[in-house]
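2 protein chains.
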Amino acid sequence: MKKVSILDVVEKSGVSLVTVSRVLNNVGTVRESNRQKVLQAIKDLDYRPNSAARSLARGSTGLIGLTLETLKDTVFDGIVHTVNQSLEESGYFLALSIFSRTEGDPDQKTNFLFQEDRVDGIIVLSLLDEENYVMELKRKKIPFVIIDNHVANSRALTVNVDNYIGGLEATKHLIELGHTRIAHVSGPDHFLSVRERKRGYEKALSDAGLSPLIVTHTESFGIRSGFDVAKTWMQNGMIPTAVFAGDDGLALGVMEAYQSEGYKIPDDLSVIGYDDQVFAAEIHPRLTTIRQPMEQMGQHAVRLLLKLIQGSKRNTSVVLQPELIVRESTAICLKKD
Amino acid sequence: MKKVSILDVVEKSGVSLVTVSRVLNNVGTVRESNRQKVLQAIKDLDYRPNSAARSLARGSTGLIGLTLETLKDTVFDGIVHTVNQSLEESGYFLALSIFSRTEGDPDQKTNFLFQEDRVDGIIVLSLLDEENYVMELKRKKIPFVIIDNHVANSRALTVNVDNYIGGLEATKHLIELGHTRIAHVSGPDHFLSVRERKRGYEKALSDAGLSPLIVTHTESFGIRSGFDVAKTWMQNGMIPTAVFAGDDGLALGVMEAYQSEGYKIPDDLSVIGYDDQVFAAEIHPRLTTIRQPMEQMGQHAVRLLLKLIQGSKRNTSVVLQPELIVRESTAICLKKD
DNA sequence: CTGAAAGCGCTAACAG
DNA sequence: CTGTTAGCGCTTTCAG
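Going line by line, the protein sequences match chains B and W.
Going by UniProt numbering, the first residue of the first sequence is number 1, and it counts up by one from there.
Going by UniProt numbering, the first residue of the second sequence is number 1, and it counts up by one from there.
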């Protein structure tokens with residue numbers, strides 16, 4: 001009942017250890033007959049190489065880490081699945097690591113992925129505490145790529161989607177529908193993405209000779225925030241004909257608020273969200289929104305990281321374009337000025 | 001610029017390699033002065049032990065894997081965070097692995113967590129293809145625990161929450177509010193949990209001398225399914241005073257459907273969901289629902305798994321109790337019969 | 001309390 | 001094409 005090791009394979013197949021290792025790694029040339037013997041022995045013994053020994057001997061693990069904070073996000077889900085697949089195609093395995101902000105001892109950043117040399121590289125997925133994390137990675141010289149970085153001038157390799165364009169497109173869509181009284185609920189101001197989307201919103205308006213109706217920042221994303229903001233607007237007699245929400249949750253909240261006061265969407269009010277979370281396509285009316293190119297994000301991140309690991313020096317960050325998804329929550333403006 | 005190894009620490013601290021290893025592992029007794037020397041050297045050198053070498057030498061990795069399929073779930077998120085923390089407290093690290101159903105070659109179940117001996121044990125989180133996965137784990141003799149198993153008679157160790165009780169409590173809540181015309185939208189029938197919840201629903205009704213108004217299974221969970229079911233009910237003149245939905249998404253869909261026809265919730269219709277997803281507490285009205293004890297699930301899973309790894313033989317699966325969360329979507333029945 | 005010696009299982013030059 | 005010889009970096013008996 002002992003564990004079968006490469007030696008058992010050697011014995012059973014009759015060839016030398018090195019030859020076995022060779023067929024294991026598809027390396028060099030091995031006489032076909034020998035290769036078959038080895039393969040057969042491996043099969044008979046149900047042998048699988050010990051990964052620790054492998055890693056030790058070759059100095060790399062074949063593992064890529066991906067650090068994230070939450071499992072409650074459609075976009076993350078999409079990215080991670082793509083990364084998983086791309087990595088697999090390249091012969092790597094993916095291990096996710098949950099980043100829990102350590103409240104106590106800041107010296108105890110035990111998040112294994114970088115604490116030890118367990119991975120060959122890391123993809124950092126939209127971490128709030130990105131700055132410190134990245135600093136550690138640099139110190140430990142672990143190759144990494146950041147998806148959706150929050151720090152602007154990060155000299156690290158990043159994969160991003162152009163939030164400015166996203167805000168611009170969203171707002172242009174509204175303008176093209178004839179809207180002129182366009183409000184914006186934004187998220188927490190300290191997010192780079194939030195500021196960028198707002199900038200896009202402002203640009204689209206000024207390009208059209210319009211000016212922002214009102215911009216409200218919220219403490220957090222989420223339905224409740226959107227609801228509250230919209231309620232406040234109404235209390236102040238603020239009735240836009242269209243709203244650009246910086247997040248689908250906010251958008252849903254806004255819709256609920258206006259609907260609860262008898263407004264019809266999109267007849268009385270157009271609403272556009274951001275991110276295309278699952279529920280966006282499911283609620284009524286289906287939400288018009290801006291979708292992040294999840295597949296591309298994942299693929300680019302993997303490509304960049306692998307090149308980095310292979311020592312390539314000339315790599316450049318990538319900025320992807322978001323996509324407008326028109327559904328049922330936006331419509332032509334019927335209100336005359 | 002070479003990697004610092006334990007030998008560098010030996011040299012710098014002046015003690016033997018073994019002593020260094022001892023302080024590294026807090027093992028045996030080491031003279032305090034020596035311990036300090038070592039610690040200092042480690043610090044000066046910024047030394048971290050090589051995990052591959054460690055794993056190889058001691059035959060275990062200190063890593064626990066958790067396999068799941070999706071990152072779009074509040075409950076999973078809660079469980080995983082708890083598992084992460086519990087594991088950390090026990091000196092283990094957590095690595096998540098995305099399980100993508102391999103469409104092609106079924107022999108190519110490359111999901112690393114069990115493909116190689118990279119982990120000391122595995123937590124399987126609600127896998128659709130549980131059966132095959134578990135079979136592999138058994139064959140490879142990797143210790144594992146399943147959270148939310150879908151196969152009934154699984155002889156494996158499992159951590160579950162009693163879905164029967166959940167359905168029972170949800171329905172009892174409605175009955176206690178005076179409802180008698182209680183409908184049930186259920187999920188896909190092949191889920192064990194779905195069938196259990198329904199069984200609870202039926203039991204609660206029969207205990208109260210009532211009978212099911214209507215039970216409709218859906219092809220999938222989600223808002224859209226709930227919406228469609230409710231619409232169909234209405235078309236058939238089916239007007240319950242309360243609905244027990246097998247899932248928060250379904251519940252939201254039901255609410256939307258009835259609201260769109262002018263019904264007020266909870267005044268004209270009470271709705272209760274299941275799972276307490278994030279949005280449940282955010283939508284309007286806030287959804288009454290059944291919450292899964294995520295923390296307990298995570299903790300028990302970890303406890304069981306670690307005991308299993310330590311060779312303990314007498315372990316038993318655990319069944320946890322769900323919790324009724326009363327919010328705003330359910331109210332006293334005002335309709336006279 | 002400490003150190004010398006013997007691996008853990010596999011890969012990587014280097015000669016045949 | 002194949003085998004010999006060294007390690008990879010650390011833990012673990014087993015004597016001091």
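In this text, a Cβ means the ideal position worked out from N, Cα and C, and glycines have one as well.
With contacts defined by Cβ atoms closer than 8 Å, PRO322/B and ILE98/B do not form a contacting pair.
Residue state for ARG291/W is assigned as strand, using DSSP reduced to three classes. The DSSP-derived three-state label of ALA152/W is coil.
Counting only unbroken stretches of 4 or more residues, the alpha helix (DSSP H) elements lying wholly within the UniProt domain "HTH lacI-type" (4-58) of chain W are 6-13, 17-25, 32-45 and 51-58, in sequence order. Residues of chain B with a Cβ closer than 8 Å to the Cβ of ASP73/W are, in chain order, LEU71 and LYS72.
Between SER193/W and HIS217/W, the gap from beta carbon to beta carbon reaches 8 Å or more.
Under the DSSP assignment, LEU252/B falls in the alpha helix (DSSP H) whose first and last residues are 248-260.
For the region 243-257 of chain B, the set of residues with a beta-carbon nearer than 7 Å to any beta-carbon of chain W comprises GLU256, in chain order. Looking at ARG35/W, VAL80/W and ARG101/W, the one whose alpha-carbon comes closest to that of LEU128/W is ARG101/W. Near chain B, meaning a CB-to-CB distance below 8 Å, the residues of the region 90-104 of chain W are PHE93, LEU94, ALA95, LEU96, SER97, ILE98 and SER100.
Taking CB atoms only, PHE221/W has no neighbour in chain B less than 8 Å away.
A distance below 6 Å between beta-carbons, with the five flanking residues on each side excluded, links THR74/W to the following residues of its chain, in chain order: GLN277 and VAL278.
Under the Cβ criterion (8 Å, minimum of three pairs), the region 258-272 of chain W counts as touching the region 239-246 of chain W. Closest in alpha carbon position to SER86/W, among CYS333/W, LEU324/W, LEU304/W and VAL161/W, is LEU304/W. Around the beta carbon of GLU130/B, a 10 Å sphere encloses 16 or more other beta carbons of the protein chains shown; the residue is thus reported as buried. Taking the Cα positions, ALA245/W is about 11 Å away from ILE223/W.
DSSP places GLY226/W in the helix class (H, G or I) of the three-state scheme. Residue pairing of SER211/B in beta bridges, as defined by DSSP: absent, with no partner found.
The Cβ-Cβ distance between ILE309/B and GLY121/B falls below 8 Å. Note on geometry: alpha-carbon atoms of ARG118/W and MET294/W lie some 26 Å from one another. For ALA183/B, the secondary structure class from DSSP, reduced to helix, strand or coil, is strand. Taking 8 Å as the threshold, the shortest C-beta distance from GLN85/B to chain W falls below it. Beta-bridge pairing by DSSP links PHE244/W to HIS184/W and ILE272/W. Put simply, the region 208-217 of chain B touches the region 175-186 of chain B. At least three CB pairs are less than 8 Å apart.
Taking C-alpha positions only, LEU157/B is separated from LYS335/B by approximately 47 Å.
If you look at PHE76/W, you'll find it in the alpha helix (DSSP H) that goes 74-89. Within the UniProt domain "HTH lacI-type" (4-58) of chain B, the residues whose Cβ lies closer than 7 Å to some Cβ of chain W are ARG48, ASN50, SER51, ALA52, ALA53, SER55 and LEU56, listed in chain order.
For the region 206-240 of chain W, residues whose beta-carbon sits nearer than 8 Å to a beta-carbon of chain B comprise GLY222, ILE223, ARG224 and PHE227.
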